[in-house]
Amino acid sequence: MTETATAPADPRDALATYHRRREQAVTAPKGNLALVNTQWITGDPEAPAQSVWGVPGLWAPLPKGQSGLKLTATAADGITVDGELVDGDVIVRGKDDASPSDIVFSDTVSGFVIASEEGEYALRVWDANSEAIQEFGSIDAFDYNPEWVIQASFTPIEGGLTVGFEHLKDDGKTRDMVIPGEIRFEKDGVEYNLAAFKAGRALQLVFSDATNGDTTYSVGRFLFVAPHPDGTVTLDFNLAVLPPCAFSYNFNCPLPPKQNRFAVKIEAGEKNVLDKAGELLH
Numbered sequence: 144m145t146e147t148a149t150a151p152a153d154p155r156d157a158l159a160t161y162h163r164r165r166e167q168a169v170t171a172p173k174g175n176l177a178l179v180n181t182q183w184i185t186g187d188p189e190a191p192a193q194s195v196w197g198v199p200g201l202w203a204p205l206p207k208g209q210s211g212l213k214l215t216a217t218a219a220d221g222i223t224v225d226g227e228l229v230d231g232d233v234i235v236r237g238k239d240d241a242s243p244s245d246i247v248f249s250d251t252v253s254g255f256v257i258a259s260e261e262g263e264y265a266l267r268v269w270d271a272n273s274e275a276i277q278e279f280g281s282i283d284a285f286d287y288n289p290e291w292v293i294q295a296s297f298t299p300i301e302g303g304l305t306v307g308f309e310h311l312k313d314d315g316k317t318r319d320m321v322i323p324g325e326i327r328f329e330k331d332g333v334e335y336n337l338a339a340f341k342a343g344r345a346l347q348l349v350f351s352d353a354t355n356g357d358t359t360y361s362v363g364r365f366l367f368v369a370p371h372p373d374g375t376v377t378l379d380f381n382l383a384v385l386p387p388c389a390f391s392y393n394f395n396c397p398l399p400p401k402q403n404r405f406a407v408k409i410e411a412g413e414k415n416v417l418d419k420a421g422e423l424l425h
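Just so you know, we're using my numbering here: the sequence shown kicks off at 144 and counts up by one.
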């Protein structure tokens, strides 16, 4: 007996499910709306330790080449690192370590340490009951738009191509990102050659279009894609998402490179973050 193949889901229903999961993700204890502080701890490791807004303890950089930060706290501060109550000095390992540390400040507030390309470290603080989570209403999005489901070609670049990406808070400086291949397609007589960098197992496309600052978030949006074995890649802009910096000012997001700036309106994907009254959250 031959089993009957399951009919493909209606793309509109699939998109509605996708949006529900997105809203669950951004309100999670370490979702985008929970990030309340990113504070870089720099300077001389021998200088007095620094306080961090919103959490107890004192924080200091480690000697160059060591991962993480030094935390000084008392038992009364109630901070646990890797499950152990801190009473004195402890090393909090960064996300660049094979075994990064986990920090708990209270029932709702937690944290971890991130690293920059220059070897500096910051404490990120997350609050599962943040003001932004309490005020969040929804992620506004376009209705499903089949016009912006694009079949493109993907051509790998041997060794990859290094492209400089600006970030929102880097004052025009660029960070080198490796582009593993070219994404090309033609639409309405215009040829496009897009740059997407590696993001885990996927490729991350950072793009802007003529809706930005009008009906969508001004900085741009992200689209995550994966090339098919046959050398094609599907660009479904209905799955375009807002960058983390649309949810919290404490993120520093990459900006679209020149070749990813569309002169046309891409009326598909997420638009803006709204509060419970239907107004822009920030």
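Glycine residues also receive a C-beta, built at the ideal position from the N, C-alpha and C atoms.
Look at aspartate 220 here: in three-state DSSP terms it is helix. Judged by DSSP secondary structure, arginine 165 falls within the alpha helix (DSSP H) whose first and last residues are 154 to 169. By the Cβ criterion, the stretch 188 to 199 is not in contact with the stretch 271 to 280, since fewer than three pairs of Cβ atoms, one from each stretch, lie closer than 8 angstroms. In the displayed model, phenylalanine 248 falls within coil according to three-state DSSP, outside both helix and strand.
Nearest to isoleucine 234 by alpha-carbon distance, out of Ser210, Gly226 and Val247, is Ser210.
Nearest C-alpha to aspartate 220 among Val247, Trp269 and Pro370: Val247.
Shown here for valine 306: same chain residues with a beta carbon closer than 7 angstroms to its own, the five before and five after excluded, namely Met320, Ile322, Ala338 and Pro400 in chain order. A straight-line Cα-Cα distance of about 25 angstroms links alanine 284 and phenylalanine 328. The DSSP assignment places 317 to 330, 333 to 337, 339 to 342 and 345 to 350 as complete runs of the beta strand (DSSP E) inside the stretch 307 to 359, in order along the chain (cut-off: 3 residues). A buried status is given to arginine 364, since no fewer than 16 other beta-carbon atoms sit within 10 Å of its beta-carbon. With contacts defined by Cβ atoms closer than 7 angstroms, phenylalanine 390 and glycine 412 do not form a contacting pair. Taking 7 angstroms as the cut-off, the beta carbon of aspartate 230 is found closer than this to the beta carbon of threonine 217.
The residues Ala218, Gly221 and Ile222, in chain order, have a CB closer than 8 angstroms to that of leucine 228 in the same chain once the five nearest residues on each side in sequence are set aside. Within the stretch 186 to 235, complete alpha helix (DSSP H) segments of at least 4 residues are not found at all.
Counting only runs of 3 or more residues that sit fully inside the stretch 241 to 298, the beta strand (DSSP E) segments are 252 to 258, 264 to 270 and 279 to 284, in chain order. In the DSSP assignment, glycine 237 is bridged to Val256. A contact is defined here as three or more CB-CB pairs under 8 angstroms, and the stretch 196 to 206 meets this definition with respect to the stretch 170 to 188.
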